[in-house]
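In my numbering, the protein residues as written are 710 to 782. Report on the following structure.
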């Protein structure tokens with residue numbers, strides 16, 4: 710069930726079958742992996758690394774899509 714890094718970092722645009730909820734979950738897992746890898750060092754030192762920033766922005770967009778989808782349901 711383990712995924713390779715390249716598989717995990719595939720952009721959602723390359724996965725048309727991925728739902729908004731699946732994208733949200735995938736990005737959250739990527740963020741957790743990053744946080745575990747750097748052990749929070751980038752945040753503890755007051756540095757906002759590029760990867761963490763990208764994941765945060767992608768997660769917020771995915772979360773917004775999930776909320777919009779719930780409103781239309």
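Backbone N, C-alpha and C fix where the C-beta goes; we use that ideal spot for every residue, glycine too. Computed from a prediction, not measured in an experiment: that's the story for all the values here.
Original post:
Should the segment 764-781 be regarded as contacting the segment 729-740, the criterion being three or more beta carbon pairs within less than 8 Å?
Top reply: yes
Subject >> Residue burial classification, residue 779 (beta-carbon count within 10 angstroms, cutoff 16) >> reply: As a working mapping, residue 779 is identified with position 70 in the chain shown. So residue 779 counts as exposed.
Original post:
Between which two residues does the alpha helix (DSSP H) carrying residue 727 extend?
Top reply: Translated into the one-based positions of the chain shown, residue 727 becomes position 18. In the DSSP annotation of this structure, residue 727 is not part of any alpha helix (DSSP H), being labelled neither H nor E.
Subject >> Simplified DSSP assignment, three categories, for residue 710 >> reply: For the purposes of this step, residue 710 is identified with residue 1 of the chain shown, where counting begins at 1. Because the pLDDT at residue 710 is just 41, under 50, the model does not fix this residue reliably, and the point stays unresolved.
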